[in-house]
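Enquirer: Residues in the sequence shown are numbered from 386 upward in steps of one, following my numbering.
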Amino acid sequence: MPPSADVHAQHGVLDTLKQAISHVEHAVLPTRTAVTANTYSAADAAQAFCNSMQAAFDAKDADGIVKHFRDDGWWRDILTVDFDFNSIKRDEIKGHLSRYGIPTIQNLKVVKPNDAQFNKEAGWLQAYTSYETPEGRGKGFLRLKESAPGAGDWQAFTFFTALWEIKGHEENAGRKRPLGAEHGLHETSENWLDRRQKQIKFEDEDPTCLIVGGGQNGLMLAARLTTLGVKTLIVEKNPRIGDSWRRRYHTLCLHDPVWADHFAYMQFPKTWPIYTPKDKLANYMEEYASQMELNVWLQSTIERDPRWDPQTKRWTVKVLREGAEDREMKVPHLVMATGFSGEPRMPTFPMDEFKGEISHSSKHPGCHGKPEWSGKKAIVVGCCNSGHDIAADFYEHGLDTTIVQRSSTYVMSSEHGIPGLLKGVYEEDGPPTDDADIMLTSLPLDVLEQFHISATEDIAVKDKVILDDLQKAGFKINKYPGGLFLKYFRDGGGYYIDVGCSRLIADGKVKIKQGVEIEKLTKDGILFKDGVELKADIIILATGYTSQRETVRRIISSDVADRLGQVWGADKQGEIPGVWRYSGVPHFWLMSGNLFQARCFSKHLALQIQMIELGLRTHADDPVAYKHAADPRF
């Protein structure tokens, strides 16, 4: 938002304010009646706040820092105050600083001043910031509010700080991009391809970080680490990068839009579709690995039970390779990037009698190439995204289709829901992706939930016709107040982004069996506990997945799985525990989430690994529980 027309007339007020701030002993934020949207630019108001907050940091004045926050204010910090993620309420800030110390923050200032603005709809002033610490540089975001319109007493509703880079060890990107070729005479004829092939083989050294899994999370973390100069190897069980998507059901596409799904460093082109088909995404991932010069061993896994040596701080890992010699490595960091979901969750009711075709949704190929299925009876057990997509696919291919809903499902339309939740952040004319990521990441999840309560209500009003029709058809709606994102962040599932199947259910084209548990599978179908039996030729179990902990148990060991803290959900600060941060096991990391989370949090995990390797931080070898216990709500 540009400065108001009379901003220059107010520079005398600003200079006086800045001079006053520089002499405030305890950095108490002064009342500035002149600082309003009508008389003062947003950037100037935000910088005045930064100057005052900087004075409190300089004085190591915890009370002064706290006074910069509203009573309902929050400080979200990533890796600046302590080596973790924190969302701290105002009344808990002083205690947190007492425990971990007041960080040495320097040169706190507004950046991108032209993007600072008074957000009238939200009722706050917002601005991007930057700062320094003795060892690094950080980025941040402010949301400031007045006690009353025109009061000028701007205080932080949210104050975000994230350590971004280490001085002298910045990313090899932008102004530090690689040269690519050295012109002139050379002692060797080795070219770029020769060097890449040598790097991939790791013949003379072991990687610093071994990543298990080459999906979006493994790829983007490897890209971040490689750009930081941390030698990294991905082991991927499939023959090709992207096969984890290629092998899903035929009609699968992403339900979130392109603007939220860009890959780190390498954005989709302007011609990319809004909703990405799975095979297009898979091919892009393969190209991403190549263009980002990632070291990948395909058709490779690791032998179960790698050993951690607390003296050398190395994992001894044996990599099993199809068509190549197995390799034992000693690596400082081991990352599980096999996906947010754990193992396919299989129901416990008896299934042996069934004579038809049955599979979990993760193994279901779709109806493509199955003309013999037309006219058959299909039942889909499970009523979230995969279950709906598969049921719609069955109907479109001429199958008599029933979907089984055992509890309730949160539903919002793609048409109204996604634009409503991502408005102003991820959209065609929205801010650059890196800026949008900072803006969204700056929100503590408990604050995001409050924002989304009203947004969710608005979406439900717009979706009223289809929601009412679904309930008339017998479908049970989960009226989760926090909406889609919080349902995903907290529960990891339980929702459907409607792209058409809801109308099929509402119109009776896809039948619904709701609220009755399954007794068993019979030879001809499903027997429910109310005595009803539904005939089926094909049954798909869209019953979800276990925790990622169970994949750790299968691939790594039960010992490591049992030593992990809580994985996903929320800790007492509302932060998602276990992923992208300390897992409870030193030098063992979990990297998972959707494309947005892979892009955002690969940055922070890569920085943690780099800082440990530089000797700037460490994790105790005693696998204690998290400093933030699990939130009893989840």
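C-beta atoms are modelled at their ideal positions from N, C-alpha and C, and glycine is treated no differently.
1) Helix, strand or coil: which one does DSSP assign to E672?
2) So V704 packs on V620, CB below 8 Å; how close in whole Å?
3) Measuring CB to CB, does P654 end up less than 8 Å from L618?
4) G877 and T841 look like a contact to me (Cβ under 8 Å); what is the Cβ gap, rounded to whole Å?
5) Which ranges does the beta strand (DSSP E) cover as unbroken runs of at least 3 residues, wholly within the stretch 441 to 493, from first to last along the chain?
6) For A440, count neighbouring C-beta atoms within 10 Å of its own C-beta (all shown protein chains included) and say buried if the count is 16 or more, exposed if not.
7) Mind checking which residues open and close the beta strand (DSSP E) that includes I551?
8) By DSSP, does L784 sit in helix, in strand, or in coil?
9) Leaving out five residues on either side along the sequence, give the residues of the same chain with a beta carbon under 6 Å from the beta carbon of L464.
10) Would you grab the beta carbon distance between R475 and K530 for me? Rounded to a whole angstrom, and I think it's under 8 Å.
11) Tell me which same chain residues have a C-beta within less than 6 Å of the C-beta of H801, skipping the five on either side of it?
12) Here's a check: name, in chain order, each residue in its chain whose Cβ is nearer than 6 Å to the Cβ of Y811, leaving out the five neighbours to either side.
13) Report yes if the C-beta of K586 is less than 7 Å from at least one heavy atom of the ligand HEM; otherwise report no.
14) Please state the DSSP three-state secondary structure of F913.
15) Restricting to Cα atoms, I'd like to know which of A709, V796, A777 is closest to G893.
16) State yes or no: is the C-beta of G751 within less than 8 Å of the C-beta of Y634?
17) By DSSP's criteria, T573 is part of a beta bridge. Which residues make up the other side?
18) Ignore the nearest five residues each way along the sequence and tell me which others in G508's own chain have a CB closer than 7 Å to its CB.
19) By the DSSP assignment, the beta strand (DSSP E) with I803 in it spans what residues?
20) Which residues in the same chain as K861 place their Cβ atom closer than 8 Å to its Cβ, once the five residues preceding and following it in sequence are excluded?
21) Confirm, please, whether the CB-CB distance from A983 to N602 is below 8 Å.
22) From this set, L493, V495, N499, D467, which residue's C-alpha is nearest R484's C-alpha?
23) Which partner residues of E742 appear in the DSSP bridge assignment?
24) Using the Cα positions of T573 and R580, report the straight-line distance between them to the nearest angstrom.
25) Alpha carbons only, please: which of A501, E590, E567, E555 is nearest the one belonging to L613?
26) Return the first residue and the last residue of the alpha helix (DSSP H) that D853 is part of.
27) Using three-state DSSP, classify A649 as helix, strand or coil.
28) Can you give me the start and stop residues for the alpha helix (DSSP H) that I626 sits inside?
29) Name the residue from D446, S472, A447 whose alpha carbon lies nearest to the alpha carbon of G458.
30) Kindly give me the distance between the Cβ atoms of V765 and G754, rounded to whole angstroms, as I take these residues to be in contact under 8 Å.
31) Grab me the residues of R528's own chain with a C-beta within less than 6 Å of its C-beta, minus the 5 sequence neighbours each way, in chain order.
32) Measuring CA to CA, which of N770, P804, L606, F545 is closest to G929?
33) In chain order, which continuous runs of the alpha helix (DSSP H) of length 4 or greater are located wholly inside the stretch 816 to 841?
34) Measuring only the C-alpha atoms, how far is L999 from W974?
35) Does the pairing of the stretch 667 to 685 with the stretch 700 to 714 give three or more beta-carbon distances under 8 Å?
36) For the putative contact between I994 and L679, defined by C-beta atoms under 8 Å, what is the C-beta separation to the nearest angstrom?
Expert: The answer reads as follows:
1) Counted from its first residue, the sequence shown places residue 672 at position 287. The answer is helix: DSSP assigns E672 an H, G or I state.
2) Looking up residue 704 in the sequence shown gives position 319. Looking up residue 620 in the sequence shown gives position 235. With 8 Å as the limit, V704 and V620 qualify as a contact, their Cβ atoms being about 6 Å apart.
3) Position 269 of the sequence shown, counted from the first residue, corresponds to residue 654. Position 233 of the sequence shown, counted from the first residue, corresponds to residue 618. No.
4) As a first step, residue 877 must be located in the sequence shown, where it is residue number 492. As a first step, residue 841 must be located in the sequence shown, where it is residue number 456. Not confirmed; about 18 Å, so no contact.
5) 454 to 463, 470 to 474
6) The residue you call residue 440 lines up with position 55 of the sequence shown. It counts as buried.
7) Against the sequence shown, residue 551 aligns to sequence position 166. 540 to 551 is the extent of the beta strand (DSSP E) around I551.
8) Here residue 784 refers to the residue found at position 399 when the sequence shown is read from its first residue. Correct three-state label for L784: coil.
9) As a position in the sequence shown, residue 464 is number 79, starting the count at 1. Closer than 6 Å at Cβ, skipping near neighbours: L548.
10) Translated into positions along the sequence shown, residue 475 becomes position 90. Translated into positions along the sequence shown, residue 530 becomes position 145. Not quite, the Cβ-Cβ distance comes to about 13 Å (not below 8 Å), so this is no contact.
11) Working through the sequence shown from its first residue, we reach residue 801 at position 416. The residues are I844, K847, D848.
12) For the purposes of this step, residue 811 is taken as residue 426 along the sequence shown, with counting starting at 1. Counting only Cβ-Cβ distances below 6 Å, and skipping sequence neighbours, we find W644, A645, A821.
13) With respect to small molecules bound, the structure shown includes none, and the ligand HEM cannot be examined in it.
14) Stepping through the sequence shown from its first residue, residue 913 is reached at position 528. Residue state, collapsed to three classes: strand.
15) Working through the sequence shown from its first residue, we reach residue 893 at position 508. With distances taken between Cα atoms, G893 lies closest to A777.
16) Working through the sequence shown from its first residue, we reach residue 751 at position 366. Working through the sequence shown from its first residue, we reach residue 634 at position 249. Yes; because the gap between Cβ atoms is below 8 Å, this pair is in contact.
17) As a working note, residue 573 is residue 188 in the sequence shown. Paired residues: none, contrary to the question.
18) As a position in the sequence shown, residue 508 is number 123, starting the count at 1. Answer for G508: K530, listed in chain order.
19) Taking the first residue of the sequence shown as position 1, residue 803 is located at position 418. It is not in any beta strand (DSSP E) - I803 instead sits in the alpha helix (DSSP H) that spans 799 to 807.
20) For this step, residue 861 is matched to residue 476 along the sequence shown. The answer, listed in chain order, is Q790, S792, S793, T794, Q899, G900.
21) Counting from 1 along the sequence shown, the entry for residue 602 is found at position 217. Counting from 1 along the sequence shown, the entry for residue 983 is found at position 598. A contact, by the Cβ cut-off of 8 Å.
22) Position 99 of the sequence shown holds residue 484. It is D467.
23) On the sequence shown, residue 742 is found 357 positions in, with the first residue counted as 1. DSSP output for E742 lists I923 as bridge partner(s).
24) In the sequence shown, counting from the first residue as 1, residue 573 sits at position 188. In the sequence shown, counting from the first residue as 1, residue 580 sits at position 195. One C-alpha to the other measures close to 11 Å.
25) On the sequence shown, position 228 is the one that residue 613 refers to. Taking only the C-alpha atoms, the option nearest L613 is E555.
26) Position 468 of the sequence shown, counted from the start, is the residue given in the question as residue 853. Looking at the DSSP string, the run of the alpha helix (DSSP H) that includes D853 is 849 to 857.
27) As a working note, residue 649 is residue 264 in the sequence shown. A649 falls in the coil class under three-state DSSP.
28) As a position in the sequence shown, residue 626 is number 241, starting the count at 1. Note, I626: premise wrong, no alpha helix (DSSP H); not H, not E.
29) One-based indexing of the sequence shown puts residue 458 at position 73. Of the candidates D446, S472, A447, the one whose C-alpha sits nearest the C-alpha of G458 is S472.
30) Along the sequence shown, one-based indexing puts residue 765 at 380. Along the sequence shown, one-based indexing puts residue 754 at 369. Going by Cβ atoms, the distance from V765 to G754 rounds to 19 Å, so no, they are not a contact pair.
31) Within the sequence shown, the letter at position 143 stands for residue 528. These residues qualify, in order along the chain: W509, Q511, F542, T543.
32) Counted from its first residue, the sequence shown places residue 929 at position 544. Checked all of N770, P804, L606, F545; the closest Cα to G929 is N770.
33) 818 to 826
34) Along the sequence shown, one-based indexing puts residue 999 at 614. Along the sequence shown, one-based indexing puts residue 974 at 589. When rounded, the distance between both Cα atoms is 18 Å.
35) yes
36) In the sequence shown, the residue the question calls residue 994 occupies position 609. In the sequence shown, the residue the question calls residue 679 occupies position 294. Contact flag wrong, Cβ pair sits at about 15 Å.
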